[in-house]
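Notes to accompany the following structure.
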Amino acid sequence: MPFDFMKKPEAPIQTAPSIDRSVLLNAAQKKQIEAAKLRKAGDRISTVILPVLTIGIALGIWEAVSRVMPGGLPGPSQIWADSQELILNPFFDRGGVDKGLFWHVLTSLSRVGIGFSLAAVCGVLLGAFIGTVGWARKGFDPIFQVLRTVPPLAWLPISLAMLREAQPSALFVIFITSIWPIVINTAVGVRNIPQDYINVARVLRLHPIEFFFKIMLPAATPHIFTGLRIGIGMSWLAIVASEMLLGGVGIGFFIWDQYNSSRMSDIIVALAWVGLVGFALDRLVAGLGNIVSRGTAAD
Amino acid sequence: MKPQLSLENVFVDFERDGVISSVLDNVSLTVNSGEYISIIGHSGCGKSTLLNVVAGLVPLTLGAALLDNKEITGPGPDRAVVFQNHSLLPWMTVYENVRLAVDKIFGGKETMSQLHRRAMRNLELVKMDHAAKKRPSEISGGMKQRVGIARALAMEPKVLLLDEPFGALDALTRGHLQDTVMELHARINATVMMITHDVDEAVLLADKVVMMTNGPKATIGKVIDVRCPRPRSRLTAYDDPEFMRCRQEIVSFLEAHDRVKTPEPI
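Chains as they are written, first to last, in the numbering used here: chain V, 348 to 646; chain Y, 2 to 267.
This is how it looks when you write it as structure tokens:
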């Protein structure tokens, strides 16, 4: 017979009669509780209202400046007038490069997706190697520290010379700029695996591959995701910059193209997209990290 | 009784920043099969190093450590360790922690359902089967240590090594776990080597108490047999003159070796 949730227990359990707590409170205490509730509600409202307010003020100032000094940057109302279609319909596709911003962003994102995934896999493996093998760390660390400071665009001429085509060059630039933070952070995470976990693995005689998947990866997960988060930010930086030079479809190229046709309003709309997508990517990786590394922190 | 575990003239040196320090100096010890020995000494005297030599986690500089007449050359599941701070893997559930050990030792030889039953049986032994699906962060310190013991027992080791297993626990929990360990020892008759710095604990649980002198260059100062009849009870232990005699001997040994020899800075 299935368990019946509605069934009353056979004998009622004797407990002290429940007392409504509010009866025991005096007026002053009630007031205090009310005040605390109000403060909490105020906090919640202010986290929404304040950003809206600051954005509104900033837009207002911008608008005012653009009216006082015409001919410079277009103000918000001008942008709305110029680029209404671009803002409202990101999905149009008239063939060639005349597409909605959604398609440009999608192309850029797919490049980031491929380049960054490669960087993530190679970076974690390389980082695990560097973190485990003492001489490798000493030998490679200075090189990585130098390479990671090279700006994304500086890689572009080399990658073009090497690969000769736009698409693989863009991927290479993403790969090479985002791999270093992943390698370095993974190595730190692997090096900081508590000796206890390593001892457990030694007593159990875990195979190196078992050790990698069952101990090393989960133990280093928080560090790995720190690296991935920095890496995805850098690859977004890299793609926008490199697309400007490489051409074709993509949000970076779109910005460059609009610049050449002097459509400032479109550029500003595209910038907003770049910022929002970059923010979303960062949140995505951070959120993924939180889910994956849940429970990995030692108590 | 045949000696199962023997240490013969074991020396262990550690090197740090080019300075070699001798931790263990000529330690010889034999442990019979099924025997429970406690190793007691002041902090930093090399008790844990001695246990780690048996575990194979620390290489010895000179001498030999033998298990069933075979030299110990590295760590292995025939010498399961219960670490002081439980060392459960926090990303795995309680069950998965035990299952990791079960799968590793018996994985190729048994079916999935046998492996599952084996893991659950070991959790039942330490009365932790009810928390099988919980993560280590969701259970108390005493419970974690129970799971640590279950994981070690699941390997069906020849020797169970306990490295101050109750050190981080409150007195009440500690007492409960001591009872559990005594019960398990009586039931599975394993050889146990336990590090402790608690005199009562050392006597209550052990057949033999090994006292270590202070490090550096620590060695075995004295070994006494505890002839209290089993099963023993924490409640009546103090009424047993044999218990009090052992306790007295250990306390006076520890008193005599009170001062830790640290070289005076020049």
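We put the CB at the ideal spot given by N, CA and C, even for glycine.
Taking the beta carbon of Asn546 of chain V as reference, the chain Y residues within 9 Å of it are Asn53, Ala56, Leu58, Pro76, Val82, Phe84 and Ser88, listed in sequence order. At a cut-off of 8 Å between beta carbons, Leu101 of chain Y contacts chain V. Under DSSP, no beta-bridge partner is assigned to Thr524 of chain V. If you look at Met611 of chain V, you'll find it isn't in any beta strand (DSSP E); it sits in the alpha helix (DSSP H) that goes Met611 to Val639. Rounded to the nearest whole angstrom, the CA to CA distance from Leu205 of chain Y to Pro4 of chain Y is 22 Å.
For the 8 Å CB-CB criterion, Val227 of chain Y and Ala207 of chain Y form a contact.
Distance check between Leu433 of chain V and each of V:Asp613, V:Leu465 and V:Gly419 places V:Asp613 closest, using alpha-carbon atoms only. Met113 of chain Y and Gly47 of chain Y have their alpha carbons spaced roughly 42 Å apart. If you compare the alpha carbons of Y:Ser88, Y:Val193 and Y:Ala187 with that of Leu52 of chain Y, the shortest gap goes to Y:Val193. Proximity of Lys105 of chain Y to chain V, defined by a Cβ-Cβ separation below 8 Å, is satisfied. A distance below 7 Å between beta-carbons, with the five flanking residues on each side excluded, links Val530 of chain V to the following residues of its chain, in chain order: Gly470, Leu473, Gly474, Ile477 and Phe491. One Cα belongs to Pro499 of chain V, the other to Arg458 of chain V, and the distance between them is close to 15 Å. Counted as a single uninterrupted DSSP element, the stretch harbouring Met113 of chain Y is not any beta strand (DSSP E) but the alpha helix (DSSP H) occupying residues Met113 to Leu126. At a C-beta separation below 7 Å, Val471 of chain V has no neighbours in chain Y, since its nearest C-beta there lies roughly 16 Å away. Three or more beta-carbon pairs separated by less than 8 Å link the stretch 597-606 of chain V to the stretch 448-456 of chain V, which places the two stretches in contact. Within the stretch 545-595 of chain V, complete alpha helix (DSSP H) segments of at least 4 residues are found at 555-558 and 564-593, given in chain order. Within the same chain, Cβ atoms closer than 7 Å to the Cβ of Asn436 of chain V are found at Gly447, the five residues on either side in sequence being excluded.
Of Y:Ala56, Y:Lys218 and Y:Lys134, the smallest CA-CA separation from Leu25 of chain Y is found for Y:Lys218. Taking C-alpha positions only, Pro504 of chain V is separated from Ile523 of chain V by approximately 13 Å.
Within 10 angstroms of the beta-carbon of Thr496 of chain V lie fewer than 16 other beta-carbons, which makes it exposed.
Around Trp409 of chain V, the same chain offers Gly422 and Pro423 as residues with beta carbons nearer than 7 Å, after the five sequence neighbours per side are excluded. Per DSSP, reduced to three states, the secondary structure at Met195 of chain Y is strand.
In this structure, DSSP gives Asp201 of chain Y a helical state, which the three-state scheme calls helix. Per DSSP, reduced to three states, the secondary structure at Phe476 of chain V is helical. In terms of Cβ geometry, Ser430 of chain V and Val596 of chain V do not form a close pair [threshold 8 Å]. At the C-beta level, Ile521 of chain V and Phe463 of chain V come within 8 Å of one another. Per DSSP, Phe12 of chain Y is one residue of the beta strand (DSSP E) stretching across Pro4 to Arg17. Between Ala133 of chain Y and Val95 of chain Y, the C-beta spacing is below 8 Å.
Your pair Val99 of chain Y and Ala151 of chain Y checks out as a contact, with CB atoms roughly 5 Å apart and the cut at 8 Å. The residue among Y:Arg17, Y:Val82 and Y:Leu61 with its C-alpha nearest the C-alpha of Ile196 of chain Y is Y:Val82. Rounded to the nearest angstrom, the gap between the Cα atoms of Ser582 of chain V and Leu465 of chain V is 12 Å.
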